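**Q**
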Amino acid sequence: MQSELCQVVTDLLDKLLNSTKILEEASSSSDQRLVSYGNSVLNATETLVSLLVHKTDTYYYKNISLPSTVEPEGTVVCVNWRETEWVEGSCELRRINSSFTSCFCVHPGTFALIMQTGGSSRTTLFVFLLNTVAVPVGLVFLTLSLLTFIFCQKHSLMINTALINLCISLFLAHLIFLLTQTFLLHIYSIPMLCAVLAGVLHFLFLSAFVWMLIEAVLLFISVKNLTKIRSKQKEVLGCKHLTVIGYLIPLFIVGVSAGGIPDGYGSNQCWLKLDKGFRWSFLAPVCLILALNLILFIIIGIIMISTLRKMKRQAVQMKVMRSDKRLIESVMVKTLLQFVIIGCFWTLGFFTESSDVLKILFLIINSQQGTFIFLVHCVLNSEVRQQYRKWIIACFSFFQQKEKTATEKQKKQEKISRPPSE
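Quick note: the sequence shown uses UniProt numbering, first residue 1, plus one each step.
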């Protein structure tokens with residue numbers, strides 16, 4: 001009995017230790033023969049593979065061939081199972097035909113083929129390239145807008161704390177988003193970093209919407225009394241109070257979300273996870289702010305129409321109130337455009353999964369938020385345009401004076417170095 005048991009153990013060990021040799025001999029076989037070896041060498045199904053690898057040979061690798069049926073518009077990806085999900089990057093797709101797919105893997109594990117049927121790899125590549133180009137363009141215009149608001153604040157009565165902080169929030173959010181998507185493979189391999197970046201993006205995008213709401217509230221208060229617009233803005237809230245409100249509300253939302261569902265951050269795109277309804281920690285505040293903004297703009301429009309009718313009847317006060325009226329009209333149009341461009345187009349995000357066209361449109365519009373802000377609040381602002389002219393003239397004068405000084409200096413040196421005439 002003991003001899004029979006020893007023989008069974010010997011046969012089993014021999015079978016296990018020689019599996020590498022069998023696999024090496026099988027590598028030159030056809031795909032059909034490779035799959036037909038069975039569980040003693042390769043346990044293959046349409047999705048998963050079980051493979052024995054020599055533990056001491058860390059450089060040993062093996063091509064794994066899986067029987068599969070590829071759809072005409074499908075994209076096949078080799079993945080391996082890590083903790084709770086399938087992960088790309090550890091296996092490489094080597095060969096594919098209508099019946100078999102060959103993956104190259106550098107370590108043992110549980111492997112599978114995932115077929116993407118909802119979109120093509122060309123669309124994914126185009127979206128990635130578009131994101132790489134469009135987001136930096138928006139960041140450049142956000143920087144120009146922010147510098148304009150800072151240096152022209154003394155010259156414009158309607159540029160306030162809300163607009164400056166809106167630009168800061170959008171700039172940081174788009175910058176972190178660009179860096180995260182560019183280095184996604186490296187960042188995703190560090191789950192804690194991925195979750196932290198998702199939380200920071202959550203906070204920054206929410207703060208941008210809160211600052212939009214604050215700007216709409218300030219406009220509403222200003223419109224209520226056109227003749228006291230300049231004093232009313234100072235009486236509402238100071239810059240410190242606005243800053244606390246603008247950043248404390250999104251911080252509170254992020255804190256409650258993280259406390260309620262700690263593992264809600266860190267999806268495969270380093271954003272909010274879609275399970276457990278965690279997406280509503282962002283969508284619910286955004287929808288609420290957009291609804292409040294819409295209500296405020298309707299009320300502002302009604303007040304503006306009523307006030308302008310009264311002003312037309314009061315011919316005596318028309319000259320006094322004309323500048324305030326134009327100021328309010330200008331700011332209302334600009335803020336309304338900002339609300340539509342920056343706020344309303346976020347609703348496209350609800351439908352991007354069902355259409356590649358909407359996904360591309362959503363990416364273009366949201367990446368160019370800085371461009372729209374620059375056009376609406378800088379290019380269309382007469383005071384800012386005048387300040388731009390002064391800066392351009394000053395720059396030209398500076399370079400002309402510098403060139404003139406260099407020319408005079410060169411002439412003087414030539415005159416000194418010239419030998420005296422006989």
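C-beta: ideal position from N, C-alpha, C; glycine also. Quick caveat: nothing in here was measured; it's all calculated off a predicted structure.
Taking Cβ positions, are ILE289 and LEU130 nearer each other than 8 angstroms?
**A** Working through the sequence shown from its first residue, we reach residue 289 at position 289. Working through the sequence shown from its first residue, we reach residue 130 at position 130. Their beta carbons are not under 8 angstroms apart, which means ILE289 does not touch LEU130 by this criterion.
**Q** Look at the Cβ atom of THR161, then the Cβ atom of LEU213, and state whether they are nearer than 8 angstroms.
**A** The residue you call residue 161 lines up with position 161 of the sequence shown. The residue you call residue 213 lines up with position 213 of the sequence shown. No; because the gap between Cβ atoms is not below 8 angstroms, this pair is not in contact.
**Q** How far does the beta strand (DSSP E) with TRP86 in it reach, from first residue to last?
**A** As a position in the sequence shown, residue 86 is number 86, starting the count at 1. Taken as a continuous stretch (DSSP letters only), the beta strand (DSSP E) holding TRP86 covers 85–87.
**Q** Determine whether the beta carbon atoms of GLY266 and ALA195 lie at a separation below 8 angstroms.
**A** Here residue 266 is taken as the residue at index 266 of the sequence shown, counted from 1. Here residue 195 is taken as the residue at index 195 of the sequence shown, counted from 1. Cβ atoms of GLY266 and ALA195: closer than 8 angstroms.
**Q** Beta-carbon within less than 7 angstroms of GLY109's beta-carbon, same chain only, minus the 5 sequence neighbours each way: which residues are those?
**A** The residue given as residue 109 occupies position 109 in the sequence shown. Result list for GLY109: ASN80 and TRP81, in chain order.
**Q** Under a three-way DSSP split, which group does ARG94 fall into?
**A** The count along the sequence shown starts at 1 and reaches residue 94 at position 94. If DSSP states are grouped into helix, strand and coil, ARG94 belongs with the strands.
**Q** Got a sec? Which residues, its chain only, sit under 6 angstroms from SER281 by beta carbon, not counting five neighbours each side?
**A** As a working note, residue 281 is residue 281 in the sequence shown. Excluding positions up to five away in sequence, the list reads SER257.
**Q** Suppose you measure from the CA of PHE183 to the CA of ASN268; what does that come to, to the nearest Å?
**A** Residue numbering aside, residue 183 sits at position 183 when the sequence shown is read from its first letter. Residue numbering aside, residue 268 sits at position 268 when the sequence shown is read from its first letter. Using only the alpha carbons, I get a separation of about 12 angstroms.
**Q** Considering just the uninterrupted stretch of the alpha helix (DSSP H) at CYS378, what are its terminal residues?
**A** Here residue 378 is taken as the residue at index 378 of the sequence shown, counted from 1. No alpha helix (DSSP H) contains CYS378, which DSSP labels as neither H nor E.
**Q** Could you tell me the alpha carbon to alpha carbon distance between VAL87 and LEU274, rounded to whole angstroms?
**A** Walking along the sequence shown from the start, residue 87 turns up at place 87. Walking along the sequence shown from the start, residue 274 turns up at place 274. So the two alpha carbons sit approximately 17 angstroms from each other.
**Q** Excluding the 5 residues flanking THR148 on each side, which residues of the same chain have their C-beta closer than 7 angstroms to its C-beta?
**A** Counting from one through the sequence shown, the residue named residue 148 turns up at place 148. For THR148, where only same-chain residues beyond five positions count, the Cβ hits under 7 angstroms are CYS378 and VAL384.
**Q** Got a sec, what are the start and stop residues for the alpha helix (DSSP H) LYS240 sits in?
**A** The residue labelled residue 240 in the question sits at position 240 within the sequence shown. 239–260 is the extent of the alpha helix (DSSP H) around LYS240.
**Q** Under 8 angstroms Cβ to Cβ from THR371, same chain only, skipping five residues before and after it: list those, please.
**A** Numbered from its first residue, the sequence shown carries residue 371 at position 371. VAL137, GLY138 and PHE141, listed in sequence order.
**Q** Whose C-alpha, out of LEU185, GLY238 and ILE253, is nearest the C-alpha of PHE203?
**A** Against the sequence shown, residue 203 aligns to sequence position 203. When each option's Cα is compared against that of PHE203, the closest is ILE253.
**Q** Can HIS367 and VAL200 be called in contact, C-beta distance under 8 angstroms?
**A** By one-based count along the sequence shown, residue 367 stands at place 367. By one-based count along the sequence shown, residue 200 stands at place 200. Checking the sequence shown, residue 367 turns out to be Ser, not His. Not in contact: SER367 and VAL200 (Cβ atoms no closer than 8 angstroms).
**Q** Pull the bridge partners of ALA112 from the DSSP assignment, please.
**A** Residue 112 sits at position 112 when you count from the first residue of the sequence shown. Paired residue(s): VAL79.
**Q** Quick check on DSSP: helix, strand or coil for PHE103?
**A** The sequence position of residue 103 within the sequence shown is 103, counting from 1. According to the sequence provided, residue 103 is Cys. The question's Phe does not apply to it. Correct three-state label for CYS103: strand.
**Q** Give the DSSP bridge partners of LEU272, in chain order.
**A** Taking the sequence shown and counting its residues from 1, the one referred to as residue 272 is at position 272. Paired residue(s): TYR265.
**Q** Can CYS270 and ALA198 be called in contact, C-beta distance under 8 angstroms?
**A** The residue labelled residue 270 in the question sits at position 270 within the sequence shown. The residue labelled residue 198 in the question sits at position 198 within the sequence shown. Cβ atoms of CYS270 and ALA198: closer than 8 angstroms.
**Q** Look at the alpha carbon of TYR247 and the alpha carbon of ARG94, and state the distance between them as a whole number of angstroms.
**A** By one-based count along the sequence shown, residue 247 stands at place 247. By one-based count along the sequence shown, residue 94 stands at place 94. Straight-line Cα distance between these residues: approximately 49 angstroms.
**Q** Please state whether the Cβ-Cβ distance between LEU348 and LEU337 is less than 8 angstroms.
**A** Sequence index remark: in the sequence shown, residue 348 carries index 348 (1-based). Sequence index remark: in the sequence shown, residue 337 carries index 337 (1-based). Cβ distance not < 8 angstroms, so LEU348 and LEU337 don't count as in contact.
**Q** Starting from PHE205 and walking both ways along the alpha helix (DSSP H), at which residues does that stretch end?
**A** Here residue 205 corresponds to residue number 205 of the sequence shown, with the count starting at 1. Run containing PHE205: 191–224, per the alpha helix (DSSP H) assignment.
**Q** Determine the extent of the alpha helix (DSSP H) in which GLN181 is found, giving its start and end residues.
**A** By one-based count along the sequence shown, residue 181 stands at place 181. Here the alpha helix (DSSP H) through GLN181 covers 161–182.
**Q** Kindly indicate the opening and closing residues of the alpha helix (DSSP H) around VAL357.
**A** Your numbering for residue 357 matches position 357 in the sequence shown. Run containing VAL357: 356–367, per the alpha helix (DSSP H) assignment.
**Q** For ARG279, which of helix, strand or coil comes out of DSSP?
**A** By 1-based counting over the sequence shown, the position of residue 279 is 279. In the structure shown, ARG279 sits in coil (DSSP, three-state: anything other than H, G, I, E or B).
**Q** Taking 8 angstroms as the limit between beta carbons, can you name the residues of its chain near THR407, skipping five residues before and five after?
**A** As a working mapping, residue 407 is identified with position 407 in the sequence shown. Excluding sequence neighbours, THR407 sits near nothing in its chain.
**Q** Take ALA208 and list the residues in its own chain whose beta-carbon comes closer than 8 angstroms to its own, dropping the five residues that flank it on each side.
**A** Position 208 of the sequence shown, counted from the first residue, corresponds to residue 208. Answer for ALA208: LEU166, SER169, LEU170, ALA173 and ILE342, listed in chain order.
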